[in-house]
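Numbering (the UniProt record's numbering), first residue to last: 1 to 256.
By construction, the Cβ of each residue, glycine as well, lies at the ideal position given by its N, Cα and C atoms.
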């Protein structure tokens, strides 16, 4: 029997080596990853906060842009308002509260919305006209001194084309009322002899005339605003409610 023998030595089995990470290196790598994650999270928070902070002003600006203009600034139907120069200090009717030093005036005649308005001290005739919507297409503003400073309690009449305003009465210690021809200084409605000017007197002042009550006084003012100043005291009979007998009773105390 023959035995097969080999003289070659047996080769050892080779196994792959495993890479081992030192504990210190593992700790450093883990710390670096944790710091990187925290930095990314902080950056995301800052970016989202900054974006939200800039959106609010933009929204507020859009809201302000879309805000509609204040109501009540349009002229009456059929009338085209005529722009009047302004000093920039006027406010719309009701835009200011009655504060100390304010000026209250009554604007009548060829304007969009005749009525009483409150203005800041130092306002001028042009501001009062603009406060009631401006002069309409029938207005003749050439007769007015638009730059005159207003006085509290006065009445301003904007004449229509073809209408002639009465000359203003001289003021105590001075000349005529600054050339305004809007009866400033006649706001009390009284003449030099104690008579009442029916073209400039307010409703409460007209009540001082004999036989004129609150309702009739208001009717006289409304008629005057619609038809212009009275040519004479006799023209009062055109007002409903003023007859010849009543006219004779007040004639001595009325003037134009």
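What do you get for residue 227, buried or exposed, if any count of 16 or more other CB atoms within 10 angstroms of its CB means buried?
exposed
Close Cβ partners of residue 132 (< 8 Å) along its chain, the five nearest in sequence each way excluded:
93, 107, 111, 112, 113, 114, 115 and 117
Out of 153, 252, 32 and 104, state which residue places its alpha-carbon closest to the alpha-carbon of residue 208.
252
Please classify residue 148: does DSSP put it in a helix, a strand, or coil?
coil
I believe residue 150 touches residue 128 by the beta-carbon criterion, under 8 Å. Please report the beta-carbon distance rounded to the nearest angstrom.
6 Å
Integer-rounded CB distance, given that residue 240 should sit under 8 Å from residue 199:
Actually they do not touch by this definition, with Cβ atoms about 18 Å apart.
Limits of the beta strand (DSSP E) - the one that residue 129 falls within
Residue 129 -> not in any beta strand (DSSP E); alpha helix (DSSP H) instead, spanning 125-131.
Inter-residue Cα distance where the pair is residue 25 and residue 44
29 Å
Leaving aside the five residues before and after residue 210 along the sequence, list all residues of the same chain whose C-beta is less than 6 Å from its C-beta, in chain order.
249 and 250
When burial is assigned at 16 or more other CB atoms within 10 Å of the CB, is residue 155 buried or exposed?
buried
How should residue 41 be labelled, buried or exposed, when 16 other C-beta atoms within 10 angstroms of its C-beta is the threshold for buried?
exposed
Nearest neighbour of residue 318, chosen from 255, 254 and 102 [CA to CA]
Outside the displayed span of the chain (1 to 256) sits residue 318, for which this structure offers no information.
Measuring straight from C-alpha to C-alpha, what distance separates residue 212 and residue 206?
7 Å
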